[in-house]
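Chains as they are written, first to last, in this note's numbering: chain A, 1 to 423; chain B, 1001 to 1126.
No residue lacks a Cβ here, since even glycine has one placed at the ideal position from N, Cα and C.
Only a predicted model underlies this, so the values are computations on that prediction, with no experimental measurement involved.
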Amino acid sequence: MNIVRLSWLNLVSNKLNSLLSILLMTFGVGIISLLLLINNEIDQQIQNNLRGIDMVVGAKGSPLQLILSTVYHIDNPTGNIPLKAVNKIKKNPLVKSTIPLSFGDSYQGFRIVGTTHAYLELYQANLLKGKLWESPLEVVIGSSIAQGNHLDIGSSFYGVHGLSEGGEIHENHSYTVVGILAETNTVVDKLILTSTESIWKIHDDEEKADGHHHEKEHHHEKGHHHKKTSKDKHAGEHHFSDDATITALLVKFRNPMGFIQLPRLVNERTNLQSAVPAFEISRLINLMGMGFQTINMIALVIIIVSGLSIFIGLYNALNKRRTELALIRVHGASSWQLVQLVIQEGLILTFLGLIFGLILSRLVLWVASIFFEANFSAKLFNFSLLGEEIWLLFATLLVGFFASIIPTIQTYHVNITKTLTDA
Amino acid sequence: MVFQKPHFVSNLSLSDNLLLSLFLAKQKQDKKQVKNILEKIGLGHKLHKKPDTLSQGEQQRAAIALAVIKNPDLILADEPTSSLDDHNCNLITTLLKEQATATNAQLIIITHDQRLKSQFKKSILL
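This is the structure:
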């Protein structure tokens, strides 16, 4: 028997009160911790996908849409831009390197992106097996697609027009898988990559076959006319003139001066639109941050209510137990041992709520990651504490401490003779 | 110290109450000793019961066990037998006397109980 065990037994025999305090604490801590984890997860995903892209050039439209569609591949593209205009940007001395992107087709919901090998270097995507695409219609697929057993090396498939399933199938050309990429934890995992020429070839030939009617249809859909718009359609060979188009251009600057000059230059002097991902994403996060903050406040209130519940629990118990405390003093306990007893009860409740809360948030995230398998990879689920959670830990223990302090002071001043005589 | 009305830590079992008393007196927490003393006063079977579930007489006996378990030098008893029948009254007085002799402790009892008069040599009448 000692003071810690006595605290514990006191809490156990007061089951309902203790349970309420712990539950409130668990939910408060759990919600805040969950938000922190999700925030951290999103931040990581955003940073992972953002690296090395200083500016995106695309067709006029919403800058956020341009970023979402080209960097994160979660929105529809804004339209197409002529290769000629793009080449002018490439020549600007402030531009270090550029990567062209052409897309608008998909296969089983996975986007087919026409680009150069530099795109793979950008995301440090290495081949797991096979080789990189060399001639048109050869594709390399991301790890998620390979894992899902949709495709393997050597298999071929038809692209579907549009970015969702159920579109029109481009039947005259099939793609062949020549390589599979290792997991990168970026968007590349969910992309089918090929050369820009593949995209041109498919749409160019289709146009020839289907004639004018089809072309009209294509024009209705924004961002989907990667075909060359050259009038010289009868040339047997695929000669892509400067009239060819791409969807967007990813740009890396040579130095920070580029951030100041180039986006404005593109927006004012050309028919194109430029967007800086870092800026657009911080705007987006600010918008989401409002929601996060509201939930955070609610969770904070729950933690404070939990602190109150602990306070009321201890305070009530104290009034009932005044005689007992005096008795314990008679048996030889010092005032400080009683202080220890009461404050321990408060802190044990707080601590249990805290631990359960942290476990709860991770459990929820784990269940969610099973549920939305595609969006969270199991690897990202970790039990380690985030930096912010250590603050949460201290703040919560502080709430528990302050909740115990008034009952503790009263305990310290229990008048032994008076209490025992009155009893 | 034996109070007129028995007091316990209600959230602890009888044996835990006795162990707590030993802990607070910084003495060895000997479970055998706890068992022995409770058996002596006829409460061996209530070892793990909460004090609230004991009868008045049992509680009074337990209170005495609580007072003497740490082998004190001085035992003060305030109406220790007031709520007990003759049998229990004898048990308690015997226990108190035995304990006092065994540890060479002084024993002072305040009482209205006429049954005790004959058992003690020294008494001060007020």
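For residue j and residue i, believed in contact at Cβ under 8 Å, the rounded distance
i                            : j                          : result
proline 136 of chain A       : serine 198 of chain A      : 4 Å
glutamine 344 of chain A     : valine 71 of chain A       : Going by Cβ atoms, the distance from glutamine 344 of chain A to valine 71 of chain A rounds to 53 Å, so no, they are not a contact pair.
threonine 78 of chain A      : proline 100 of chain A     : Not a contact, Cβ separation roughly 15 Å.
threonine 323 of chain A     : histidine 1007 of chain B  : 6 Å
leucine 1014 of chain B      : proline 1051 of chain B    : 6 Å
valine 276 of chain A        : methionine 55 of chain A   : 5 Å
glycine 114 of chain A       : threonine 196 of chain A   : 4 Å
glutamate 138 of chain A     : threonine 176 of chain A   : 6 Å
threonine 396 of chain A     : leucine 352 of chain A     : Their Cβ separation, rounded to whole angstroms, is 11 Å, which puts threonine 396 of chain A and leucine 352 of chain A out of contact at 8 Å.
serine 6 of chain A          : leucine 341 of chain A     : The identity of residue 6 of chain A in the sequence shown is leucine, whereas the question assumes serine. Correct: roughly 6 Å between the Cβ atoms.
asparagine 1090 of chain B   : glycine 1057 of chain B    : Their Cβ separation, rounded to whole angstroms, is 12 Å, which puts asparagine 1090 of chain B and glycine 1057 of chain B out of contact at 8 Å.
serine 13 of chain A         : asparagine 1011 of chain B : 4 Å
alanine 1077 of chain B      : leucine 1096 of chain B    : 7 Å
phenylalanine 157 of chain A : leucine 163 of chain A     : At roughly 16 Å, the Cβ-Cβ gap does not stay under 8 Å, so phenylalanine 157 of chain A and leucine 163 of chain A are not in contact.
arginine 1115 of chain B     : aspartate 1086 of chain B  : 7 Å
leucine 50 of chain A        : isoleucine 281 of chain A  : 7 Å
valine 188 of chain A        : alanine 125 of chain A     : 5 Å
Terminal residues of the beta strand (DSSP E) in which residue i lies
i                             : result
lysine 129 of chain A         : 127–130
isoleucine 1117 of chain B    : Here residue 1117 of chain B is lysine; the residue named in the question, isoleucine, does not match the sequence. Lysine 1117 of chain B -> not in any beta strand (DSSP E); alpha helix (DSSP H) instead, spanning 1114–1117.
glutamate 138 of chain A      : 138–141
lysine 252 of chain A         : 248–253
phenylalanine 1003 of chain B : Per DSSP, phenylalanine 1003 of chain B belongs to no beta strand (DSSP E) and is neither H nor E.
serine 195 of chain A         : 191–195
threonine 115 of chain A      : 110–115
Extent of the continuous alpha helix (DSSP H) to which residue i belongs
i                         : result
serine 13 of chain A      : 3–13
glutamate 1039 of chain B : 1031–1040
valine 301 of chain A     : 277–330
serine 174 of chain A     : Not the alpha helix (DSSP H): serine 174 of chain A falls in the beta strand (DSSP E), residues 169–181.
glutamine 340 of chain A  : 335–371
glutamine 410 of chain A  : 387–412
lysine 418 of chain A     : 416–422
tyrosine 119 of chain A   : 118–122
serine 155 of chain A     : Run containing serine 155 of chain A: none; DSSP gives neither H nor E here.
arginine 264 of chain A   : 257–269
leucine 1126 of chain B   : Segment: none, leucine 1126 of chain B is in no alpha helix (DSSP H) and carries neither H nor E.
leucine 1012 of chain B   : No alpha helix (DSSP H) contains leucine 1012 of chain B, which DSSP labels as neither H nor E.
CB contact flag (residue i, residue j, <8 Å)
i                            : j                          : result
isoleucine 1092 of chain B   : serine 1021 of chain B     : no
leucine 94 of chain A        : leucine 300 of chain A     : no
proline 1080 of chain B      : valine 1002 of chain B     : yes
isoleucine 192 of chain A    : isoleucine 112 of chain A  : yes
isoleucine 285 of chain A    : glycine 28 of chain A      : no
glycine 346 of chain A       : alanine 278 of chain A     : no
valine 160 of chain A        : tyrosine 107 of chain A    : yes
phenylalanine 292 of chain A : asparagine 39 of chain A   : yes
isoleucine 416 of chain A    : alanine 317 of chain A     : no
leucine 11 of chain A        : isoleucine 348 of chain A  : yes
alanine 1100 of chain B      : isoleucine 1124 of chain B : no
isoleucine 80 of chain A     : threonine 294 of chain A   : Note on residue identity: the sequence assigns asparagine, not isoleucine, to residue 80 of chain A. Not closer than 8 Å, so no.
isoleucine 180 of chain A    : glycine 109 of chain A     : no
lysine 60 of chain A         : glutamine 273 of chain A   : yes
leucine 1047 of chain B      : methionine 1 of chain A    : no
valine 1009 of chain B       : isoleucine 409 of chain A  : no
lysine 96 of chain A         : lysine 252 of chain A      : yes
leucine 1024 of chain B      : histidine 413 of chain A   : no
histidine 173 of chain A     : isoleucine 202 of chain A  : yes
leucine 249 of chain A       : valine 86 of chain A       : yes
leucine 37 of chain A        : leucine 365 of chain A     : yes
glycine 307 of chain A       : valine 399 of chain A      : yes
Proximity test, Cβ basis, 8 Å: residue i and chain C
i                         : result
isoleucine 328 of chain A : In the structure shown, chain C cannot be found, because the protein chains are A and B.
- prompt: Is the stretch 383–394 of chain A close to the stretch 33–40 of chain A, with three or more CB pairs under 8 Å?
  reply: yes
- prompt: Which runs of the beta strand (DSSP E) spanning at least 3 residues fall entirely within the stretch 54–98 of chain A, listed in chain order?
  reply: 55–59
message: So, does the stretch 1032–1045 of chain B touch the stretch 1056–1072 of chain B, judging by three or more C-beta pairs under 8 Å?
response: yes
query: Can we say the stretch 334–344 of chain A touches the stretch 56–70 of chain A, given the rule of at least three CB pairs closer than 8 Å?
result: no
task: Assess, as a yes-or-no matter, whether the stretch 139–156 of chain A is touched by the stretch 181–189 of chain A under the definition of 3 or more beta carbon pairs within less than 8 Å.
output: yes
field: Contact between the stretch 17–24 of chain A and the stretch 307–315 of chain A (3+ Cβ pairs under 8 Å)
entry: yes
- prompt: What runs of the beta strand (DSSP E), each 3 residues or longer, lie entirely inside the stretch 1038–1108 of chain B?
  reply: 1074–1078
query: Below 8 Å, can you find three or more Cβ-Cβ pairs linking the stretch 268–279 of chain A to the stretch 354–367 of chain A?
result: no
message: For the stretch 1081–1089 of chain B against the stretch 1111–1121 of chain B, do three or more pairs of beta-carbon atoms, one drawn from each stretch, fall closer than 8 Å, so that the two count as touching?
response: yes
task: Scan the stretch 12–54 of chain A and note each continuous alpha helix (DSSP H) run of 4 residues or more that stays entirely inside, going in chain order.
output: 15–50
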